[in-house]
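These protein sequences, in sequence, are chains C and H.
Under the numbering used here, think of the first position of the first sequence as 2, with each following residue one higher.
Under the numbering used here, think of the first position of the second sequence as 2, with each following residue one higher.
Just so you know, even glycine gets a beta-carbon here, dropped at the ideal spot from N, CA and C.
One structure below.
Number of protein chains: 2
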Amino acid sequence: MSVTVVGSIAFDAVKTPFGERERMLGGSAVHFALAASFFDEVRVVGPVGEDFGEPELAVLRERGVSTDDVEAVPGGRTFFWRGVYGWDLNDRETLDTQLGVFAEFEPRLSDASRDCDVLFLANIQPDLQRQVRAQCRRARFAALDSMNLWIETARDSLVAAIGEVDCLILNDAELRQLTGEPNLVRAARRIREWGPGVVVAKQGEYGAAMITEEGFFALPAYPLETVVDPTGAGDSFAGGLVGYVAAHPDEPLSHELLCQAMAYGTALASFNVEEFGVERVARLRAEEVSERVVELGRMTAFSALPLG
Amino acid sequence: MSVTVVGSIAFDAVKTPFGERERMLGGSAVHFALAASFFDEVRVVGPVGEDFGEPELAVLRERGVSTDDVEAVPGGRTFFWRGVYGWDLNDRETLDTQLGVFAEFEPRLSDASRDCDVLFLANIQPDLQRQVRAQCRRARFAALDSMNLWIETARDSLVAAIGEVDCLILNDAELRQLTGEPNLVRAARRIREWGPGVVVAKQGEYGAAMITEEGFFALPAYPLETVVDPTGAGDSFAGGLVGYVAAHPDEPLSHELLCQAMAYGTALASFNVEEFGVERVARLRAEEVSERVVELGRMTAFSALPLG
């Protein structure tokens with residue numbers, strides 16, 4: 002069994018109150034793949050430029066991620082993003098985005114990537130997401146992320162793409178924007194009418210909530226004293242969640258399994274933000290992930306004793 | 002055993018996307034008292050004007066709340082607040098505040114109110130909170146709420162008042178403002194250095210988080226399809242939490258007990274927002290509260306299975 006992810010592979014320049022990095026490995030597919038690598042074989046699909054080299058690929062390969070479908074475009078430049086975070090880390094400002102090789106990207110998947118058991122369509126143009134979805138017909142679970150840009154510029158295509166997956170994973174502000182519903186329960190119901198049985202709202206420092214046919218589930222973010230760099234937290238969360246599903250091919254895709262997957266996503270996201278870029282997750286150990294999941298269980302458990 | 006609460010007793014004019022009320026019973030002490038009335042005997046301390054009548058007192062008395070220390074000021078006008086909520090109910094605008102009898106309020110507690118086992122200092126001027134705290138020397142648990150106005154205009158007095166209680170219950174934005182710490186874990190540590198062993202951050206639609214000596218606990222808000230009027234949600238939450246503590250005088254004030262109390266606070270807050278003002282909580286039944294707490298338990302439970 003394996004997970005295929007399509008999304009951005011990038012260089013990021015990030016400044017936060019805790020420091021800055023001028024050019025570090027990033028991108029939604031990279032953050033997702035490193036997180037999901039704790040659970041299953043992962044294949045990354047996406048383009049890079051000539052400026053992307055062995056040291057960057059090695060970070061993925063050391064975690065066992067297949068880079069066979071990372072397409073090096075001759076003469077091209079790797080996707081570049083520059084952003085700065087303010088005092089409370091909730092608001093970030095994008096200072097520069099250079100699409101580079103992404104401007105002309107047409108996903109061509111190898112047979113191995115097409116044959117994936119689980120598929121994650123990270124945040125890229127929704128028509129590209131649909132092209133990939135159409136190539137991976139055997140996936141038993143497909144999830145999708147997106148962003149405000151596509152809600153504003155390619156809404157119809159995005160709604161169509163959402164209709165072709167099992168799970169939408171989106172920031173809660175974007176869920177509101179997409180559905181016009183300020184209320185999460187109503188927004189999720191609307192999305193579920195479009196197709197996906199599972200809707201996950203990423204709520205940043207407040208954690209994440211999930212709505213399935215069986216009901217509502219929510220977890221807080223794992224509490225940290227210092228959040229160094231939130232970049233990629235959402236993709237690490239998705240990597241933990243989707244990876245956990247991939248690691249359980251013989252179990253039915255139940256609400257209960259997805260709740261456990263939410264906990265793994267939450268744990269992975271918390272490690273991601275402890276250092277810049279992929280620095281922390283690249284050297285993370287599986288035992289550390291499990292420990293944090295157990296801690297999360299303690300931090301949310303209570304005895305529901307009835308009154309009187 | 003009993004709970005004493007000091008805070009505002011008010012008439013509220015509220016407009017939300019779901020309707021409006023021109024003049025309804027409200028105020029922090031009222032919302033708190035109705036919620037706490039499910040757990041223990043509650044005594045309300047606070048002033049009202051000549052415009053406050055039997056119908057309003059009856060709402061409290063029907064829930065068994067003692068109004069003996071509700072002081073009717075001859076010739077006075079009851080505290081009045083007018084506010085409007087926008088599309089997403091998270092932001093509210095205050096259109097009018099008339100202090101009325103609160104401008105000259107000096108808390109005078111009856112012996113019964115002074116002898117309380119548990120004390121809640123709802124959001125009023127911190128010097129008044131300190132006067133009441135000083136009168137209730139036997140309380141084994143005292144909690145305090147406040148707001149941005151007092152952080153801005155009476156910070157030293159507020160910090161002193163916080164130093165005299167066991168538990169601070171505050172909106173998370175106000176916790177940040179008060180401590181200058183954007184990070185909740187750090188903000189709570191700062192507050193705990195001032196005195197209170199327990200810090201609770203109210204996070205609105207995202208629920209609430211608590212930090213004690215034993216660690217972190219968090220719960221999402223109970224998911225609702227329709228939130229009609231958020232006014233008083235925070236005070237209902239505090240009423241559930243503090244009331245639950247009051248209902249367990251023979252148990253040590255443990256982290257575990259407080260986690261259960263957080264669940265009851267969350268349940269009470271969710272009922273409060275289902276209708277305008279106190280309309281829903283005034284006719285609430287204890288069984289409904291317990292049912293929602295059990296549901297909350299299901300909505301946050303997962304099996305923390307380690308990897309591999």
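Just to confirm the assignment, what range does the beta strand (DSSP E) spanning residue i have?
| i | result |
| --- | --- |
| C/Leu26 | 20-27 |
| H/Asn172 | 168-172 |
| H/Leu122 | 119-122 |
| H/Leu145 | 142-145 |
Can you tell me which of the options puts its alpha carbon nearest to the alpha carbon of residue i?
| i | options | result |
| --- | --- | --- |
| C/Ile163 | C/Leu185, C/Asp173, C/Gly196, C/Val119 | C/Gly196 |
| C/Val279 | C/Ala14, C/Met2, C/Thr5, C/Ser3 | C/Ala14 |
| C/Ala222 | C/Ser291, C/Leu254, C/Met263 | C/Met263 |
| H/Pro108 | H/Gln132, H/Ala209, H/Arg281, H/Arg44 | H/Gln132 |
| H/Gly298 | C/Leu306, C/Leu242, C/Glu165, C/Arg78 | C/Leu306 |
| H/Leu35 | H/Thr5, H/Arg139, H/Asp52, H/Arg24 | H/Thr5 |
| H/Ala161 | H/Arg187, H/Leu129, H/Ala188, H/Arg141 | H/Leu129 |
| H/Gly76 | H/Arg177, H/Glu57, H/Val102, H/Thr95 | H/Val102 |
| C/Phe238 | C/Glu215, C/Ala210, C/Asp251 | C/Ala210 |
| H/Phe218 | H/Gly181, H/Glu257, H/Pro231 | H/Glu257 |
| C/Val46 | C/Glu57, C/Lys16, C/Asp70 | C/Asp70 |
| H/Ser111 | H/Val7, H/Glu276, H/Glu226, H/Ala268 | H/Val7 |
| C/Ala287 | C/Asp41, C/Leu254, C/Pro18 | C/Asp41 |
| C/Val60 | C/Phe39, C/Arg284, C/Leu308, C/Arg193 | C/Arg284 |
| H/Phe216 | H/Lys203, H/Asp230, H/Ala37, H/Arg193 | A small correction: the amino acid at residue 216 of chain H is Gly; Phe does not occupy that position in the sequence shown. For the residues H/Lys203, H/Asp230, H/Ala37, H/Arg193, the minimum Cα distance to H/Gly216 belongs to H/Arg193. |
| H/Asp146 | H/Tyr265, H/Arg281, H/Gly240 | H/Gly240 |
| C/Ala247 | C/Ser38, C/Ser29, C/Pro18 | C/Ser38 |
| C/Ala143 | C/Ala135, C/Thr301, C/Leu150, C/Leu120 | C/Leu120 |
| C/Leu308 | H/Ala30, H/Val290, H/Asp230 | H/Val290 |
| H/Phe12 | H/Met2, H/Val43, H/Glu57, H/Phe19 | H/Glu57 |
| H/Asp167 | H/Ile152, H/Arg190, H/Gly198, H/Glu175 | H/Gly198 |
| H/Leu100 | H/Thr301, H/Pro127, H/Val49 | H/Val49 |
| C/Val30 | C/Thr17, C/Glu23, C/Ile10, C/Arg24 | Checking the sequence, you will find Ala at residue 30 of chain C rather than Val. The residue with the shortest Cα to Cα distance from C/Ala30 is C/Ile10. |
For residue i, write down the residues that DSSP places opposite it in a beta bridge.
| i | result |
| --- | --- |
| H/Ala216 | Before going on, a small fix: residue 216 of chain H reads as Gly here, not Ala. In the DSSP output, where bridge partners are listed per residue, H/Gly216 has H/Thr213. |
| H/Thr98 | H/Trp82 |
| C/Asp13 | C/Met25, C/Trp82 |
| C/Phe40 | Answer is none; C/Phe40 lacks a bridge partner. |
| C/Val48 | A quick correction: the sequence has Pro, not Val, at residue 48 of chain C. Looking at the DSSP assignment, C/Pro48 forms a beta bridge with C/Glu72. |
| H/Val7 | H/Val46, H/Leu122 |
| C/Ala202 | C/Leu171, C/Ala210 |
| C/Arg93 | C/Tyr86 |
| H/Ser67 | H/Arg44 |
Evaluate residue i with the Cβ neighbour count: other Cβ atoms within 10 Å of its Cβ, from every protein chain shown; 16 or more gives buried, anything less gives exposed.
| i | result |
| --- | --- |
| H/Pro224 | buried |
| C/Trp88 | exposed |
| C/Thr68 | buried |
| C/Ser304 | exposed |
| C/Pro250 | exposed |
| H/Gly54 | exposed |
| C/Pro253 | exposed |
| H/Gly27 | buried |
| H/Ser255 | exposed |
| H/Asn124 | buried |
| H/Thr154 | exposed |
| H/Glu206 | buried |
| C/Gly20 | exposed |
| H/Asn273 | buried |
| H/Leu96 | exposed |
| C/Gly235 | buried |
| C/Gly266 | buried |
At what residues does the alpha helix (DSSP H) containing residue i begin and finish?
| i | result |
| --- | --- |
| C/Ser158 | 156-163 |
| C/Leu242 | 234-247 |
| C/Gly266 | 256-273 |
| C/Asp112 | 112-115 |
| C/Arg299 | 287-301 |
| C/Arg191 | 185-195 |
| C/Glu55 | 55-63 |
| H/Pro127 | 127-136 |
| H/Arg281 | 280-283 |
- Message: Any contact between the stretch 113-121 of chain H and the stretch 138-156 of chain H? By contact I mean 3 or more CB pairs, one from each, below 8 Å.
- Response: yes
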